[in-house]
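Asks: Please find one structure pasted underneath; my questions will follow.
2 protein chains.
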Amino acid sequence: MIKVVLLGAGNVAQHLIKAFEESPSIELLQVCARTTNEIESLLSKTKITTDIQALVAADVYIIAVSDKAIEEVSNQLSTKNALVVHTSGSVGMDALSSHARVGVFYPLQTFSKHLKVDFSTVPICLEAHTNEDLELLKRLADSISQSVHFINSEQRKALHVAAVFVCNFVNHLYQQGEAICKENNLDFALLKPLIQETAHKILELSPAEAQTGPAKRNDIKTIENHLQFITDIRQREIYTLMTQSIIDYGKKL
Amino acid sequence: MIKVVLLGAGNVAQHLIKAFEESPSIELLQVCARTTNEIESLLSKTKITTDIQALVAADVYIIAVSDKAIEEVSNQLSTKNALVVHTSGSVGMDALSSHARVGVFYPLQTFSKHLKVDFSTVPICLEAHTNEDLELLKRLADSISQSVHFINSEQRKALHVAAVFVCNFVNHLYQQGEAICKENNLDFALLKPLIQETAHKILELSPAEAQTGPAKRNDIKTIENHLQFITDIRQREIYTLMTQSIIDYGKKL
């Protein structure tokens, strides 16, 4: 059994609590957070504390708080030479420098409250300074996921940037699509099969093979018609830039 | 039985042939295309012709060719007062003006060769000048899809623009994500669970509820770190514009 203490009560923390509670090889000893109402339904109240000075001894302390708060929480945390990790894609290990044994336990997924995630498919990206600590993190990650990877800091930064493109920016395009529907009295649900298929295709085809549409075909007439149709300035900027990028990309291939 | 003749052999045509061949209430009499090798495995060779002047009588003629070619194919086609429709999201019905009874049969989905699509979930957007023709198109669409909609030309144009955002532009963001992975010796497969979950979330949450990431949190430090990391000029432009758009959108909500 790996003994774990978790710090945080946000989206990532909540999903980790659920995954750890379901794993037979992890003992989640304690969860520490400033506000605890959102996690009270997830584990025994006796395991929840707001006092970071009152934590029990564990093998691993996982700091799953907002990027900005990681260093502060780390500085407040005192452990008896345990491994301390954070869960962020974009924060370096130096934020944990008040501890001797540090690492990263970065689940590469988008977590929303009240939406169940199958953790077994979530890639977990691990980093640590020693092989021993990497091994410990690997055992921890293996117990909740089938996709565990050793990723160095530079690669993790790249992954996080790439994740912003394929998740955050993609979702914003869904939002623009929804806005266009609303303006024209159309149900956004009409676009949902297309959204699902677009994501599904990428499991079978490369993005280059999967690309369709007027920009891919260099169909100037349709592109001009679309630009005439779009009145929102921001939507025009996005349409113009993405179209140009698709056209230029096609030339490079 | 609705008697159908299909013109075209591209992605949309191929997927329609498969769906029609599986439907007990549609009789696909003939498929006409300039080059036929890609459809020869899909239906009996006796039903395939390259001669548009040699078509049999049918209830509906479906022109499923590229947008640019629709008008030319329509002008070459002679029917005995049958209904003539095209399958394009962005072409008006006037492209079919050489015929008396015209309409649109627009399947709102992204089609790629060799990738099976479950047509029953594909929204089919219908338009015609008379109720009788709309009824005929509805019977035709109902026989292959459970999602059939009457959509006027202006709405269809909006849907097509929105589809470009949520499909073509989204796929291009996948391509950028793949490029970032390649540059950093990372397997693009690491991002695939995130891509699937991002699309899946939209079935349960609105895009506004589903939005996560540094732009949503207005996390200037992470945004600046990302911009320092990204060296590709086009990627920087996309990152900057999408980030600003997410921030501005947050203010509007």
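Listed in order, the protein sequences are those of chains A and B. Here the first sequence is numbered in my numbering, starting from 72 and rising by one per residue. Here the second sequence is numbered in my numbering, starting from 72 and rising by one per residue. Glycine included, every Cβ here is placed at the ideal spot set by N, Cα and C.
Quick check on DSSP: helix, strand or coil for E275 of chain B?
Replies: Taking the second sequence and counting its residues from 1, the one referred to as residue 275 of chain B is at position 204. In this structure, E275 of chain B counts as coil in the three-state DSSP scheme.
Asks: Would you check if the distance between the CB atom of L244 of chain A and the CB atom of F240 of chain B is smaller than 8 Å?
Replies: Residue mapping note: residue 244 of chain A aligns to position 173 of the first sequence, counting from 1. Residue mapping note: residue 240 of chain B aligns to position 169 of the second sequence, counting from 1. Against a cut-off of 8 Å, the Cβ pair of F240 of chain B and L244 of chain A comes out as a contact.
Asks: Output, in sequence order along the chain, the residues in the stretch 217-240 of chain A whose CB is closer than 9 Å to any CB in chain B.
Replies: Cβ contacts with chain B: S218, H220, I222, E225, Q226, K228, A229, L230, H231, V232, A233, A234, V235, F236, V237, C238, N239 and F240.
Asks: Helix, strand or coil for A171 of chain B? Go by DSSP, reduced to three states.
Replies: Looking up residue 171 of chain B in the second sequence gives position 100. A171 of chain B falls in the coil class under three-state DSSP.
Asks: Can you round the beta-carbon distance between V102 of chain A and K118 of chain A to whole angstroms, since I take them to be within the 8 Å contact cut?
Replies: Counting from one through the first sequence, the residue named residue 102 of chain A turns up at place 31. Counting from one through the first sequence, the residue named residue 118 of chain A turns up at place 47. Going by Cβ atoms, the distance from V102 of chain A to K118 of chain A rounds to 6 Å, so yes, they are a contact pair.
Asks: Please decide whether V83 of chain B counts as near chain A, where near means a Cβ-Cβ distance under 8 Å.
Replies: Counting from 1 along the second sequence, the entry for residue 83 of chain B is found at position 12. With 8 Å as the cut-off, V83 of chain B does not count as an interface residue toward chain A.
Asks: Answer yes or no: do V75 of chain B and L99 of chain B have a C-beta to C-beta separation smaller than 8 Å?
Replies: Locating residue 75 of chain B in the second sequence gives position 4, where the first residue counts as 1. Locating residue 99 of chain B in the second sequence gives position 28, where the first residue counts as 1. Their beta carbons are under 8 Å apart, which means V75 of chain B touches L99 of chain B by this criterion.
Asks: Can you check the stretch 179-232 of chain B for any beta strand (DSSP E) of at least 3 residues that lies completely inside it and give the ranges in chain order?
Replies: Those beta strand (DSSP E) runs which fall completely within the stretch 179-232 of chain B and span 3+ residues are 195-199 and 219-221.
Asks: List the endpoints of the continuous beta strand (DSSP E) containing Q101 of chain B.
Replies: Walking along the second sequence from the start, residue 101 of chain B turns up at place 30. Per DSSP, Q101 of chain B belongs to the beta strand (DSSP E) from I97 to C103.
Asks: Relative to the alpha-carbon of D290 of chain B, which residue among A:D189, A:E92, A:H271 and A:D138 has its alpha-carbon at the smallest distance?
Replies: Residue mapping note: residue 290 of chain B aligns to position 219 of the second sequence, counting from 1. Of the candidates A:D189, A:E92, A:H271 and A:D138, the one whose C-alpha sits nearest the C-alpha of D290 of chain B is A:D138.
Asks: Out of B:D319, B:K292, B:H231 and B:S115, which has the shortest C-alpha to C-alpha gap to T158 of chain B?
Replies: Residue numbering aside, residue 158 of chain B sits at position 87 when the second sequence is read from its first letter. Out of B:D319, B:K292, B:H231 and B:S115, B:H231 has the C-alpha closest to the C-alpha of T158 of chain B.
Asks: Can you give me, in chain order, the residues of the stretch 168-191 of chain A that have a beta carbon less than 8 Å from any beta carbon in chain B?
Replies: Listed in sequence order: L179, Q180, T181, F182, S183, L186 and V188.
Asks: Buried or exposed for Q147 of chain B, please, with buried defined as at least 16 other CB atoms from any protein chain shown within 10 angstroms of its CB.
Replies: Position 76 of the second sequence holds residue 147 of chain B. Counting Cβ neighbours within 10 Å, Q147 of chain B comes out exposed, since fewer than 16 surround it.
Asks: Mind reading off the beta-carbon distance from A233 of chain A to I251 of chain B? Whole number of angstroms is fine, and I expect it under 8 Å.
Replies: To locate residue 233 of chain A, count along the first sequence from 1; it is residue 162. To locate residue 251 of chain B, count along the second sequence from 1; it is residue 180. Confirmed, about 4 Å.
Asks: Given a cut-off of 8 Å on the beta-carbon distance, is the pair G174 of chain A and L211 of chain A in contact?
Replies: Translated into the one-based positions of the first sequence, residue 174 of chain A becomes position 103. Translated into the one-based positions of the first sequence, residue 211 of chain A becomes position 140. Their beta carbons are not under 8 Å apart, which means G174 of chain A does not touch L211 of chain A by this criterion.
Asks: With DSSP as the reference, identify every bridge partner of V155 of chain B, one or two as the case may be.
Replies: Indexing the second sequence from 1 puts residue 155 of chain B at position 84. Answer by DSSP bridge pairing, in chain order: B:Y132 and B:V173.
Asks: Between B:E109, B:L77, B:P285 and B:H271, which lies nearest to D189 of chain A when the distance is taken from Cα to Cα?
Replies: Within the first sequence, numbered from 1, the residue matching residue 189 of chain A stands at position 118. Among B:E109, B:L77, B:P285 and B:H271, the Cα nearest to that of D189 of chain A belongs to B:H271.
Asks: Which residues in the same chain have their Cβ closer than 6 Å to the Cβ of P178 of chain B, if we skip the five residues on either side of it in sequence?
Replies: Sequence index remark: in the second sequence, residue 178 of chain B carries index 107 (1-based). V193 and I195, listed in sequence order.
Asks: Cα separation between S96 of chain A and S191 of chain A?
Replies: In the first sequence, residue 96 of chain A corresponds to position 25, counting from 1. In the first sequence, residue 191 of chain A corresponds to position 120, counting from 1. Going from the Cα of S96 of chain A to the Cα of S191 of chain A covers about 14 Å.
Asks: Whose C-alpha, out of A:K116, A:K287, A:Y132 and A:A80, is nearest the C-alpha of L207 of chain A?
Replies: By one-based count along the first sequence, residue 207 of chain A stands at place 136. Taking only the C-alpha atoms, the option nearest L207 of chain A is A:Y132.
Asks: Touch check for the stretch 293-300 of chain B and the stretch 275-283 of chain B: three-plus C-beta pairs under 8 Å?
Replies: Short answer: they don't touch.
Asks: Report the rounded CA-to-CA distance for Q315 of chain B versus N255 of chain A, giving the unit in angstroms.
Replies: Numbered from 1 along the second sequence, position 244 holds the residue referred to as residue 315 of chain B. Numbered from 1 along the first sequence, position 184 holds the residue referred to as residue 255 of chain A. In a straight line, the C-alpha of Q315 of chain B is about 25 Å away from that of N255 of chain A.
Asks: Whose C-beta lies closer than 8 Å to the C-beta of I134 of chain A among residues of the same chain, with five residues either side of it excluded?
Replies: Here residue 134 of chain A refers to the residue found at position 63 when the first sequence is read from its first residue. Within the same chain, I134 of chain A has close Cβ partners L78, G79, I141, V144, S145, L148, V155, V156, H157, T158 and L167.
Asks: Helix, strand or coil: how does DSSP classify I119 of chain B here?
Replies: In the second sequence, the residue the question calls residue 119 of chain B occupies position 48. I119 of chain B: strand per DSSP, three-state reduction.
Asks: To which residues does DSSP link I73 of chain A through a beta bridge?
Replies: The residue labelled residue 73 of chain A in the question sits at position 2 within the first sequence. In DSSP, I73 of chain A forms a bridge with A:I97.
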